[in-house]
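This report concerns only the one structure given below.
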Amino acid sequence: MKLIEVVKWDGGPNVFAYRFPETELNTKSQLIVTESQEAVLLKEGQFYGPYGPGRHVLDTKNVPFLTHVVTGLFSGGVSPFTAEVWFVQKAIPLDLKWGTSTPLQIEDPLYHLMLPVRAFGQYGLQVVNAKKFLAKLTGRITYFTTDILTSYFRGIIVTQAKDCIASCLLDKGISVLKIGNMMAEISQVLEDKLSAMMDEYGLRTLSFTVNSITTDDNDPAVKQLKAALAKKAEMNIIGYTYQQERSFDTMEAAAGNPGGGTVMNAGIGLGLGMAAGVPMGNAMSSITQNLNTEPTRRCPKCGAEVRNQVKFCPECGQNMAPPAAAGSVKCPKCGASCSDKVKFCPECGAKMRQTCKQCGAELSGNIKFCPECGTKQE
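In terms of my numbering, the sequence shown is residues 22 to 399.
Shown next as structure tokens:
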């Protein structure tokens, strides 16, 4: 059996932790740890150490479990034992990348639209507790690279980033499109949250930054929102609102329609009101009220609302002419109430007094023969 005399790892690029390939050790083995490393021994599920920079002899003074497992000495006072030796890199890489592989769907708190958001940045990680780190992450794997670690924690980081971005938007009441002004604040909040989570793995998060937060310009919701904001900016520059623009469109359409004279005449008053500084909403409300408040009266028979100029009720056919007042008579043709001094009805033009065509005597009512001369009336 070959016994290892020197246990050493020179380190490797982008490697956080490395398991020494040999496990056959002895009480004379030399454990050499460089300035940027820590070493930990693993025996039957228990971690021992850590061993800091320097040279360590793996005897009973430095390895507590050896007092129980060493039962005798081989020749030269050497006793063999088995254990795993892990080296942990303490140097701090600050260029670890993180990002959303697919857009995050986040509700815009200002416009209440679901918008696709992508975020990217970088951070640093440092192992601050080698035993906790190895206890959480070791298994069959023999080393940990930066790629393995970033892949392992990507889901945690992205989930926290989504929650943090949504919370910051809601707290500030701003749109996703304006979040670029909050990246420093979001970076700090995320670093604080992730540091607490990484502590469970014996790690510390350093210099966590959000470098960019963007939306997908090809997404229909983003296109719709940006177009609406551009239109709003145009209206603000020109000096009118969306409701006013719709009113202008309505008036223009009415001007081009036959029979639109009533609305357009009302629009003359609207133009004067606008010139005098009357808000568009008030002017349109006044027009609507004027158009909808034409005088009406109730039918004496069925009670329906009938416009004043209507002569017969459209519901029951009742003659709507008011009853004759004192000093007035009804038109024999249309029934309108007329002064007893007029000769012709002002409503239908009919002759108010019937005379005999033969003798000229004045007739009353719809009589068929003249009471003076007996001539038949037609």
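Glycine residues also receive a C-beta, built at the ideal position from the N, C-alpha and C atoms.
Note that the structure is predicted; figures quoted are calculated from it, not measured.
Local Cβ density within 10 Å of residue i, reported as buried at 16 or more and exposed below that
| i | result |
| --- | --- |
| residue 26 | exposed |
| residue 71 | buried |
| residue 38 | buried |
| residue 191 | exposed |
| residue 337 | exposed |
| residue 115 | exposed |
Residue i, DSSP secondary structure in three states
| i | result |
| --- | --- |
| residue 241 | helix |
| residue 59 | strand |
| residue 251 | helix |
| residue 39 | strand |
| residue 388 | coil |
| residue 359 | strand |
| residue 216 | helix |
| residue 145 | strand |
| residue 153 | helix |
| residue 374 | coil |
| residue 75 | strand |
| residue 16 | Residue 16 falls outside the range modelled here, since the chain spans only 22 to 399, and no answer is possible. |
| residue 54 | strand |
| residue 33 | coil |
| residue 67 | strand |
| residue 83 | coil |
| residue 349 | strand |
Span separating the alpha-carbon of residue i from that of residue j
| i | j | result |
| --- | --- | --- |
| residue 374 | residue 384 | 7 Å |
| residue 125 | residue 233 | 14 Å |
| residue 179 | residue 152 | 27 Å |
| residue 64 | residue 48 | 15 Å |
| residue 157 | residue 81 | 27 Å |
| residue 236 | residue 250 | 15 Å |
| residue 193 | residue 200 | 10 Å |
| residue 42 | residue 28 | 10 Å |
| residue 324 | residue 356 | 20 Å |
| residue 311 | residue 129 | At residue 311, the pLDDT of 46 sits below 50, so the modelled position is not reliable; the number obtained from the coordinates is stated separately. Approximately 42 Å, taken between the alpha carbons. |
| residue 300 | residue 258 | With a pLDDT of only 47 at residue 300, under the threshold of 50, the placement of this residue in the model should not be trusted; the figure read from the coordinates follows. Whole-angstrom Cα-Cα distance: 17 Å. |
| residue 162 | residue 108 | 13 Å |
| residue 382 | residue 367 | 23 Å |
Beta-carbon gap between residue i and residue j smaller than 7 Å
| i | j | result |
| --- | --- | --- |
| residue 165 | residue 222 | no |
| residue 230 | residue 143 | yes |
| residue 242 | residue 134 | yes |
| residue 354 | residue 342 | no |
| residue 54 | residue 34 | no |
| residue 227 | residue 145 | yes |
| residue 167 | residue 103 | no |
Identified DSSP bridge partners for residue i
| i | result |
| --- | --- |
| residue 161 | Residue 161 pairs with nothing; no bridge assigned. |
| residue 135 | 128 |
| residue 46 | 102 |
| residue 330 | The partner list for residue 330 (beta bridge, DSSP) is empty, contrary to what the question assumes. |
| residue 117 | 144 |
| residue 234 | 140 |
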